[in-house]
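Residue numbering for the sequence shown follows my numbering, starting at -4 and increasing by one per position.
Only one structure is covered here, and it is reproduced in the block below.
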Amino acid sequence: MKTAQINGEKIVIKNTEDIELDGRKGAIIKVLGCGLCGSDIVKFRHKISKDGTVLGHEIVGIIEEINSETNFAKGDKIVSSHHIPCFECTYCKHENYSMCKHFKETNLIPGGFSEKVYLSEEHLKNVAQKVPAEISDEEISFYEPLGCCIRAIKRCNLVKGDKILVIGLGSIGLIMAEGLKAYGYKVYGCDLIDERIELASSRGVESFNSRDLESFNKIIREKTENYGVDAVFMTSGADKAIDVALKTVKQGGKILVFSSTPLSNGYPNNEIYYKELTVLGSYSPSPDDLKESFDLITSGRVNVKDLTTTYPLENIQTAFDDTISNKIFKAYIKLGIN
Ligand SMILES: [Zn+2]
Ligand SMILES: [Zn+2]
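Quick look at the structure:
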């Protein structure tokens, strides 16, 4: 089978031996496609993952072989996420599932950018779903990314009628905004790239360029009776994102951190103290968040149509390059035909 592997500065296609069940519980999935996540880009660019790693975790595929007492059967089209919490450790008891050791150790084998993957019994039981015929592979590939957004939204404990600003309108910012809208919050967006602002606005998220922070803040103050927004969701790691967040958030408001920023940029202690701000991080979804994401996509309550650009596996390097240069919005790597 073909897999895309990290090899120094490049992603290369390698032919490896087919992955088999070998008597294990679980399933072998013929991968139809896999979304390219911002975290894949970070792992590749910052050399967090070593050579030989097969990235990709937003998979859609067909069950080719199965040994499991679950409701899945050979031939089913499924979508799956990659990590599973143990539900028992101190992190899990406090709902910090993404910190759980078991969560970090579980994964798709070898990784989503591969013609076939092995899904364990635990994956089938906790994080895999059957894909309804009317949903496209590209749409359902947002199952895991939207799950991340659902988790962030839940962590914020927002109040009905809250006004929210999403900083960064890349694919994750836009689906964060779509998720917030689906829960009934009033959402504003900002970015520095005009095409993104236009796209978000055309999808019902009133969005602005935040380059001139003073005039952008004026707009936000006008929209919020001068209070500022109840919460800011930081999906951008741009240098100025923290400045935008601190300027536009209401006193007593929340800043949800959903991206890494340069290490020299920190949160000023005194602003958090005097303004009673809550700064909280959110990383990866729990099985419950994923179920909710699945329901939101399959019911059409969150619109994830027409957001992806498709690349065959052979052109995965171009998909990485185009994502890094902001040429495209979200890459979807197509591996097989249903
Ligand atoms: Zn992802
Ligand atoms: Zn745990």
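Glycine is no exception: its CB is placed at the ideal position from the N, C-alpha and C atoms.
Just so we're clear, the structure is a prediction, and the values are computed from it rather than from any experiment.
| query | Do residue 140 and ligand 1 come close, with the Cβ less than 7 Å from some heavy atom? | reply | yes
Since residue 81 contacts residue 53 with CB under 8 Å, what's their CB separation in whole angstroms? With a Cβ gap of about 23 Å, residue 81 and residue 53 do not count as contacting.
Problem - Where residue 200 falls: helix, strand or coil (DSSP) - result: coil
For residue 335 versus residue 138, is the C-beta distance shorter than 8 Å? Outside the shown range of the chain, which is -4 to 333, sits residue 335, and nothing can be said about it.
Are the beta-carbon atoms of residue 272 and residue 76 separated by less than 8 Å? no
Quiz item: When every heavy atom of ligand 2 is checked, does at least one fall within less than 7 Å of the C-beta of residue 257?
Solution: no
Any 3 or more C-beta pairs closer than 8 Å across the segment 262 to 272 and the segment 90 to 101
no
Going by CA-CA distance only, name the one from 72, 280, 195 that's closest to residue 143. 280
query: Could you give the distance in angstroms between the alpha-carbon of residue 252 and the alpha-carbon of residue 67?
result: 36 Å
* **Candidates 166, 150, 192, 16, of which the one nearest residue 89 by Cα** => 150
Do residue 224 and residue 160 have their C-beta atoms closer together than 8 Å? yes
Handout entry: residue 78 beta carbon near ligand 2 (any heavy atom closer than 7 Å)
Key = no
For residue 277, does the three-state DSSP call read helix, strand or coil? coil
Would you call residue 246 buried or exposed, if buried means 16 or more other Cβ atoms sit within 10 Å of its Cβ? exposed
So, with DSSP's three-state summary, where would you put residue 211? helix
| said: Using only CA atoms, which one of 327, 147, 45, 240 lies nearest to residue 162? | reply: 240
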